[in-house]
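Counting from 1, one number per residue, gives the positions in the sequence shown under UniProt numbering.
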Amino acid sequence: MAPKVQATKAQKAAAAMAGGKARKKKWNSGKSREKAQHHVVVDQALYDRLYKDTATFKLVTVSVLVDRLKVNGSLARRALRALEADGVIKPVITHSKQKTYTRVEA
């Protein structure tokens, strides 16, 4: 059997650089959520729905408006101030972080 030909240092380095580093297989992609598509501007249809529906809610908070009317948080906060000013809702608890309102009984 013929002796094996020894590769030079340059050939060894080139061979080492040629192969890519194998990545570890990931078996799951982790938890993924759907991106919410919320309104960021009030159009006339949303305005009408806001005033009609909010008058029937027993509990009105920012998160309730975000969840039920699909508006973003800053829009919900502005809407709560407008609804309170118009007398549609009344405050129950007013705190700097969380404001809770209820409907005005007719």
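Here a beta-carbon is modelled for each residue, glycine too, at the ideal position from N, C-alpha and C.
- Look at L46 and Y101 and say whether their C-beta atoms are less than 9 Å apart. As a working note, residue 46 is residue 46 in the sequence shown. As a working note, residue 101 is residue 101 in the sequence shown. Contact flag unset, no.
- Going by DSSP, which residues form a beta bridge with T54? On the sequence shown, residue 54 is found 54 positions in, with the first residue counted as 1. Beta-bridge pairing by DSSP links T54 to no other residue.
- Residue closest to L83, alpha-carbon to alpha-carbon, out of A16, T61, A22, R68: Taking the sequence shown and counting its residues from 1, the one referred to as residue 83 is at position 83. Per the Cα distances, T61.
- Message: Quick check on this structure: which residue in S32, V40, Q44, K24 has the alpha carbon closest to the alpha carbon of L75?
- Response: By one-based count along the sequence shown, residue 75 stands at place 75. L75 has its Cα closest to that of V40, out of S32, V40, Q44, K24.
- Message: Do Q44 and K70 have their beta-carbon atoms positioned less than 9 Å apart in this structure?
- Response: Translated into the one-based positions of the sequence shown, residue 70 becomes position 70. Translated into the one-based positions of the sequence shown, residue 44 becomes position 44. No, the Cβ-Cβ distance between K70 and Q44 is not below 9 Å.
- Message: In the DSSP output, which residue or residues are listed as bridge partners for T8?
- Response: Translated into the one-based positions of the sequence shown, residue 8 becomes position 8. None; T8 has no bridge partner.
- Item | Proximity below 9 Å, CB of V88 to CB of V64 | Taking the first residue of the sequence shown as 1, we reach residue 88 at position 88. Taking the first residue of the sequence shown as 1, we reach residue 64 at position 64. Not a contact, by the Cβ cut-off of 9 Å.
- Query: Would you report the Cα separation of A22 and A15, rounded to the nearest angstrom?
  - Reply: Reading the sequence shown from its first residue, position 22 is the one you call residue 22. Reading the sequence shown from its first residue, position 15 is the one you call residue 15. Whole-angstrom Cα-Cα distance: 15 Å.
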